[in-house]
Amino acid sequence: MAQKYVFVSGKGGVGKSSVALGIARSMSEKGLRVLLADFDIGLRSLDLMLGVSETVVFDWGDVLLGRCSIKDAVINKGTLAFFPAPAAYDEAFTPEEIKKLFEVLDADFDFMLFDAPAGLGKVFELACAPAQKAVLVTTPDSVCVRSCSAAAAKVRALGLENPYLIINRFIEKPVIKGRLLNIDDCIDSVSAKLTGVVPEDFAVVTSSVTGIQPDKNAPSSNAFNRICLRLNGEKVPLFKD
Numbered sequence: 001m002a003q004k005y006v007f008v009s010g011k012g013g014v015g016k017s018s019v020a021l022g023i024a025r026s027m028s029e030k031g032l033r034v035l036l037a038d039f040d041i042g043l044r045s046l047d048l049m050l051g052v053s054e055t056v057v058f059d060w061g062d063v064l065l066g067r068c069s070i071k072d073a074v075i076n077k078g079t080l081a082f083f084p085a086p087a088a089y090d091e092a093f094t095p096e097e098i099k100k101l102f103e104v105l106d107a108d109f110d111f112m113l114f115d116a117p118a119g120l121g122k123v124f125e126l127a128c129a130p131a132q133k134a135v136l137v138t139t140p141d142s143v144c145v146r147s148c149s150a151a152a153a154k155v156r157a158l159g160l161e162n163p164y165l166i167i168n169r170f171i172e173k174p175v176i177k178g179r180l181l182n183i184d185d186c187i188d189s190v191s192a193k194l195t196g197v198v199p200e201d202f203a204v205v206t207s208s209v210t211g212i213q214p215d216k217n218a219p220s221s222n223a224f225n226r227i228c229l230r231l232n233g234e235k236v237p238l239f240k241d
């Protein structure tokens, strides 16, 4: 049975999709079978970030509407599989149907990662429906931490207790100078278990544009690797030794 995580932030612009993709890639490199599903209906970005936009024909919405099979819609890149998001919302997309859809795939994957959209509306709830755990992603600034706190309350209301927290785009100098929140401030505001800190890394920005994976020795890649191990139950430090 696959372990299922939904990645949420509340506010957009914190790099949540980049984090979900980075962790999915790290899991895949370790031989784990991973399904990364995009739930950002309409806007969509993961197909571009993966460099597979030209191969996308169907999406999970087409599967629910009976237009194709799961095999037709899922795009495989080695042990990493990608499930694209629909271009438009349909009232036929319900939490119950979404949950059933991903239960069908349970035996095929070790992990399923769901990239929720910004905001806390209906599609956010769809992304949370099949998940067992929530991963909250924020940057260390007051605005994003506040929205992340609201997202934390929402996922708990949906039955996803004890969410994890990832602080993304962390830069030490402005934190020391008091221009950004420190790690403890973020944890206290969101009230979630810290499972990773990802440093600001231009390689992630470049990857988002080109679809080319960052170097394995990039600071962000090292952080994603540690988070991957922690989510897989291994005891590794939050920061590189």
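Just so you know, our numbering puts 72 at position 72 of the sequence shown, and the rest follows in order with no gaps. Yeah, the Cβ is synthetic: ideal placement off N, Cα and C, and Gly gets one too.
Measuring C-alpha to C-alpha distances from Ala37 to each of Val155, Ala85, Asp106 identifies Ala85 as the nearest. The bridge partners DSSP lists for Lys77 are Leu80. Of the other Cβ atoms in all chains shown, fewer than 16 fall within 10 Å of the Cβ of Val209; this residue is therefore exposed.
Rounded to whole angstroms, Phe109 and Val74 show a C-alpha spacing of 13 Å. Counting only the Cα atoms, Met112 lies some 10 Å from Glu103. Per the coordinates, the alpha-carbon of Leu32 lies some 19 Å from the alpha-carbon of Ser18.
Boundaries of the alpha helix (DSSP H) around Asp184: 183–190. Scanning its chain for C-beta atoms nearer than 7 Å, with the 5 sequence neighbours on each side dropped, one finds around Ala129 the residues Pro95, Ile98, Lys99, in chain order. A residue is called buried when at least 16 other Cβ atoms come within 10 angstroms of its Cβ; Leu65 does not meet this threshold and is exposed. Only residues of its own chain outside the window of five on either side were considered, and among them Gly22, Val198, Pro199, Asp201, Ala203, Val204, Pro214 have a CB closer than 7 Å to the CB of Ser220, listed in chain order. Contact holds between the segment 137–145 and the segment 162–173, because three or more Cβ pairs, one in each stretch, are under 8 Å apart.
A direct Cα-to-Cα measurement between Asp115 and Thr195 gives close to 17 Å. Using a Cβ-Cβ distance cut-off of 8 Å, the segment 219–235 and the segment 39–57 are not in contact, since fewer than three pairs of beta carbons, one from each stretch, lie closer than that value.
With 16 or more neighbouring CB atoms inside 10 Å of its own CB, Ala81 falls in the buried class. Our two residues, Lys122 and Ser207, have alpha carbons roughly 30 Å apart in a direct line. About 38 Å separates the beta carbons of Gly178 and Leu50, which is beyond the 8 Å limit, so they are not a contact pair. Per DSSP, reduced to three states, the secondary structure at Asp47 is helical. About 6 Å separates the Cβ atoms of Lys133 and Leu160, confirming a contact at the 8 Å cut-off.
Ranked by Cα distance from Ser189, the options Leu46, Ala153, Lys173, Pro237 are led by Ala153. Judged by their CB atoms, Ser149 and Ser9 are not nearer to each other than the 8 Å cut-off. Nearest Cα to Leu126 within the set Lys71, Val155, Met27: Val155.
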